[in-house]
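Here is the structure we will look at, set down as C-alpha cells.
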Amino acid sequence: MIRKSTADDKEQIQQLMQLCFGDKNNLEPYENLEDRYYLYFKNENLVAMSGLTSNSEYGHLEIDWTCTRPEHRHKGYMQQLFAEMLNGVHESVYCSCWRLPNNDKPNLHTLMSLFGFEEVVESRVHWKVPHNCFCNYEGGCSYCTGIGCECYEDLYLRKGK
C-alpha cells in the first residue's frame, strides 16, 4: 500500500532512515511529516519511502530522502512509489544519486532511466568517511572498510513538460 506520510509515521520513518542513512542527528527529515513523503507499506510495516520537496537549492522540485529496507530492494517498490509521486508533475525535478567510485552508474540508475531523468552533473559532491557512510548494516556499501571510503553524488534532472 502506498500513501502519504502523517505525523503518526515518525517512528517508522526514523527507523527506516537510521537503517539506510545511519544516525541522523539532523531533525530536518522528521519535520513537517504531514504529506511530506510517499510511503510504501507491506503488512503494515514501512519498507520504502521517498519525497518530493520544493525546498531545494536548485529552485525546482527535488526528490528527497529515498530509501528501501535492504531485504526489500529490487522488488519494484520504489518504481511504484516514483510512479505515484511523479504522476501529474509537470515541472522540472532534480534528484541527487549516490555512486561508488568503481561504478559508472549511480544507485538509482534504473529509476532515473525509467522516469526520464538525465544526468546533468557528474560528481557534484565527493563524499568521504564518515559522511553518508553505509557500513552499519547488512547490504550497505559492500566496499566500506571505514578507512578511506568514498562515494560520489551525481545530479539528475527530469525536465518539465
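Just so you know, full-length UniProt numbering puts 68 at position 68 of the sequence shown, and the rest follows in order with no gaps.
Beta carbons are placed, not taken as given, at the ideal position from N, Cα and C, and that holds for glycine.
Because the structure is a prediction, the values reported are computed rather than measured.
Terminal residues of the beta strand (DSSP E) in which residue i lies
{"i": "residue 157", "result": "150-158"}
Length of the line joining the Cα atoms of residue i and residue j
{"i": "residue 79", "j": "residue 111", "result": "7 Å"}
{"i": "residue 154", "j": "residue 3", "result": "28 Å"}
{"i": "residue 16", "j": "residue 156", "result": "24 Å"}
{"i": "residue 98", "j": "residue 92", "result": "20 Å"}
{"i": "residue 20", "j": "residue 48", "result": "10 Å"}
{"i": "residue 64", "j": "residue 95", "result": "8 Å"}
Classification of residue i by the beta-carbon crowding that lies within 10 angstroms, buried from 16 upward
{"i": "residue 113", "result": "exposed"}
{"i": "residue 1", "result": "exposed"}
Whole-number beta carbon distance between residue j and residue i, since they are thought to touch under 8 Å
{"i": "residue 66", "j": "residue 50", "result": "4 Å"}
{"i": "residue 40", "j": "residue 81", "result": "5 Å"}
- Task: Scan the UniProt domain "N-acetyltransferase" (1-136) and note each continuous alpha helix (DSSP H) run of 4 residues or more that stays entirely inside, going in chain order.
- Result: 10-21, 77-86, 109-114
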